[in-house]
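Below: one structure, written as C-alpha cells.
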DNA sequence: AAAATATGTGACGAAAACGTCACATATTGA
DNA sequence: TCAATATGTGACGTTTTCGTCACATATTTT
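Chains as they are written, first to last, in this note's numbering: chain A, 18 to 243; chain B, 18 to 243.
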C-alpha cells in the first residue's frame with residue numbers, strides 16, 4: 018500500500034485530507050509541524066508528501082531544501098499546499114524540487130487526483146524496446162529512428178520497411194516478401210512502388226544509405242555492419 | 018507435425034487430396050463449406066490452407082478477405098484450387114493474399130510439392146514483438162495495430178500516442194507529459210492539438226474509444242481492462 | 001445562476017506521404 | 001555489342017495526416 022505523509026499544522030485540514038486519502042486506499046501519517054515532518058520523512062520514507070508551506074518550527078522551504086540534499090528523501094515527490102496569494106512562493110517551491118502544488122482552499126478530490134498522477138508517474142519505468150544495428154537505432158515504443166544518435170524522422174512505411182530489413186540484416190529479402198510485409202499483399206504486378214520507397218529511404222539515410230544493397234533478381238538487403 | 022486444412026465441397030476431391038497429404042506425413046482436416054472452413058481456420062490455425070474458390074455458404078474470396086483482416090489467420094498460407102477458366106479469379110485471389118494456386122484438374126503430386134515449398138518458406142517466423150491490452154494489440158515490428166484481432170490503421174502519431182497510453186493503462190498521463198513524449202516538447206501553450214488527436218483516436222476506436230478516459234485537470238488515461 | 005475554466009468538435013488549409021508513370025540507367029546473357 | 005531484363009529516378013497528382021481556429025459543450029468555482 019502506498020503511504021502519504023501530510024505535514025500540516027491546521028488540524029482540521031490535516032484530518033480532512035487524511036480521511037480522504039484513507040478512503041482511497043492509502044496509508045496516512047500526519048505531522049503537525051516542520052520538525053516532526055522532516056523527522057518522519059527521513060525515518061519512514063513515505064511515497065508522497067503533502068506539505069503545507071506555512072508551518073511552525075521549520076517552514077516548508079526549509080523542508081524542501083533538506084529533502085533535496087538528503088538521499089533518503091530527495092526522490093520522494095512533494096505536493097505543496099499554498100495560500101492563493103503566494104504565487105512567488107509556489108515558484109520557489111517548484112524550484113526547490115516540489116512536484117506540484119495546490120492552492121487553499123482546495124477540493125480534496127483534486128488533491129487525490131494529483132497525488133495519484135504523481136505517484137503513478139513515479140512508478141512507471143517503461144521498458145525500452147529498442148533495436149540497434151550499426152549506426153541505426155529503432156525505438157519501437159516512441160516510433161522514433163536514430164542514426165548515429167541523431168533523430169531522423171521516417172514515415173510509417175519507411176520505418177516498417179527499414180526495420181524489417183535491418184532485423185534481417187545480411188539476408189536478402191525478396192521483393193514479394195517485402196511487399197507482403199509492408200503492404201499486406203503482394204501484387205505480383207511489377208509497379209515501381211517498392212523501388213521508389215527504397216530510393217527515398219536511401220536519400221534520407223544520406224551516406225549510410227549505402228547500407229542498403231540491391232540484390233538483383235531477388236530484392237534488397239541491409240549490409241551487416243562489422 | 019504440420020497441419021493442413023482442406024476446404025472443398027466436392028467430397029471425392031477432398032478425400033483424394035486428404036489421403037495424399039496424410040501419406041506424406043501431414044495432419045489433415047477437412048471442411049466442406051466456407052462457413053465451416055473459416056471457423057476451423059480461426060480455431061485450429063492450421064499451417065496451410067487448401068482452398069477451393071467455389072464454395073457453398075461463404076465463397077473463397079470472402080474467406081481470403083476475412084483471413085487477411087484477422088491476426089489469427091493473416092499469416093497462414095493459402096493455396097487456391099480454381100477451375101481452368103477462372104483466370105481473373107486467380108489474380109483476384111492472389112491480390113487477396115493467397116500464396117499460390119493450382120488449376121483443376123491437378124495432380125495430387127504437384128499439389129503436395131507446392132505445399133511443401135510454401136510451408137518451407139513460411140517456417141522462418143521472426144519473433145513478434147507485441148504489446149497487448151484488453152482488445153488492443155500493437156505489433157511494434159509491423160507498426161500495425163489490432164482491435165479484437167482486426168487490423169485498424171493508425172497514423173504515426175496515433176500509434177505513438179495510444180501505445181504510450183496503453184502501456185501506462187490505469188495511470189493518468191498529464192497533458193504535458195503526453196505532449197513531451199509525442200511531440201518532443203511541451204509548449205505549455207494550450208492549443209487544442211492534443212484534444213483533436215484524442216478525438217480522432219476515439220473515433221477510430223469506435224465503441225472501444227470509451228477506454229480512453231479524460232482526467233480533468235490532468236490529462237488522459239486508458240482504462241485498465243478487467 | 002453566472003462566470004471561469006477545461007475539454008470536445010467540425011472545418012479548413014498546408015504539408016507530408018504515397019503510388020504511379022515515363023523514362024533513364026545498369027546488368028546480364030546471348 | 002545488342003537485346004532483354006531489372007532497377008533507379010524525377011515528376012506529378014491524389015490521399016492522408018496534421019495543426020489550428022472558432023465555437024460548442026461540460027465541469028467547477030464563485
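The C-beta atom is built at its ideal place from N, Cα and C for all residues, glycine as well.
Query                                                                                                                                                                           : Result
Taking Cβ-Cβ distances shorter than 9 Å, what residues in chain B pair up with residue 130/A?                                                                                   : 189, 232, 233, 234 and 235
Quick one: residues in its chain with C-beta nearer than 7 Å to the C-beta of residue 125/A, no 5 flanking neighbours on either side, listed in chain order?                    : 33, 34 and 37
If we cut at 9 Å on Cβ distances, does residue 181/A have a partner in chain B?                                                                                                 : yes
Which complete beta strand (DSSP E) runs does the segment 26 to 104 of chain B hold, if anything under 3 residues is left out?                                                  : 44 to 48, 65 to 69 and 95 to 100
From 243/A, 70/A and 52/A, pick the residue whose C-alpha is nearest to that of residue 150/A; which is it?                                                                     : 243/A
Nearest-angstrom Cα distance between residue 205/B and residue 39/A?                                                                                                            : A caution first: residue 205/B carries a pLDDT of 47, below 50, which makes its placement in the model too unreliable to give a value.
Can you give me the C-alpha to C-alpha distance between residue 175/B and residue 198/B, rounded to a whole angstrom?                                                           : 12 Å
Assuming the contact rule is C-beta atoms closer than 8 Å, residue 21/A and residue 67/A should be a hit. Round their C-beta distance to whole Å, please.                       : 6 Å
List the whole-angstrom C-beta distance separating residue 59/B from residue 87/B, where the pair is believed to meet the contact cut-off of C-beta under 8 Å.                  : 7 Å
For the beta strand (DSSP E) holding residue 117/A, just list the boundary residues, first then last.                                                                           : 117 to 121
Buried or exposed: where does residue 170/B fall if 16 or more other Cβ atoms within 10 Å of its Cβ makes it buried?                                                            : exposed
Please list, in chain order, the chain B residues whose beta carbon lies closer than 9 Å to that of residue 175/A.                                                              : Residues of chain B passing the Cβ test: none, with the nearest at roughly 10 Å.
Determine the chain B residues that contact residue 39/A at a beta-carbon separation under 8 Å, and present them in chain order.                                                : Under the 8 Å cutoff, chain B gives no residues; its nearest Cβ is about 21 Å from residue 39/A.
Exposed or buried, which one is residue 241/A when buried takes at least 16 other CB atoms within 10 Å?                                                                         : exposed
Going by beta carbon distance, what residues of the same chain come within less than 8 Å of residue 61/A, once the five residues before and after it are set aside?             : 20, 22 and 46
Closer than 7 Å, Cβ to Cβ, to anything on chain A: give me those residues from the segment 153 to 171 of chain B, in chain order.                                               : 157, 158, 159 and 160
List the residues of chain B whose Cβ lies closer than 8 Å to the Cβ of residue 186/A, in chain order.                                                                          : Under the 8 Å cutoff, chain B gives no residues; its nearest Cβ is about 12 Å from residue 186/A.
Specify, as a first and last residue, the run of the beta strand (DSSP E) that residue 24/A falls within.                                                                       : 20 to 24
Enumerate in chain order the residues of its own chain whose CB-to-CB distance from residue 187/A is below 8 Å, with the five nearest sequence positions on each side excluded. : 238, 239, 240 and 241
Would you say residue 198/B lies against chain A (beta-carbon separation less than 9 Å)?                                                                                        : yes
What ranges does the alpha helix (DSSP H) occupy inside the segment 147 to 210 of chain B, keeping only unbroken runs of at least 4 residues that lie completely in it?         : 173 to 184 and 192 to 200
For residue 69/A, which residues of its own chain have a beta-carbon under 7 Å away from its beta-carbon, when the five flanking residues on both sides are left out?           : 24, 25, 26, 77 and 98
Could you give the first and the last residue of the continuous beta strand (DSSP E) run that contains residue 235/A?                                                           : Taken as a continuous stretch (DSSP letters only), residue 235/A belongs to no beta strand (DSSP E), as it is neither H nor E.
Going straight from the alpha carbon of residue 73/A to that of residue 189/B, what length do you get?                                                                          : 35 Å
Please state whether DSSP places residue 243/B in a helix, a strand or coil.                                                                                                    : coil
Got a sec: is the Cβ-Cβ distance from residue 127/A to anything in chain B below 9 Å?                                                                                           : yes
Within this structure, are the beta carbons of residue 136/B and residue 94/B separated by less than 9 Å?                                                                       : yes
Tell me residue 230/A's beta-bridge partners as DSSP assigns them.                                                                                                              : 238/A
Would you say residue 57/A lies against chain B (beta-carbon separation less than 9 Å)?                                                                                         : no
Excluding the 5 residues flanking residue 83/A on each side, which residues of the same chain have their C-beta closer than 7 Å to its C-beta?                                  : 55
Check whether the Cβ atoms of residue 41/A and residue 133/A lie closer than 9 Å to each other.                                                                                 : yes
So, residue 222/B versus residue 232/B, is the Cβ gap smaller than 9 Å?                                                                                                         : no
Please report the straight-line C-alpha distance between residue 181/A and residue 71/A, rounded to a whole angstrom.                                                           : 59 Å
Chain B beta carbons: is any one of them nearer than 9 Å to that of residue 134/A?                                                                                              : yes
How would you call residue 168/A, buried or exposed, if buried means at least 16 neighbouring beta carbons within 10 angstroms?                                                 : exposed
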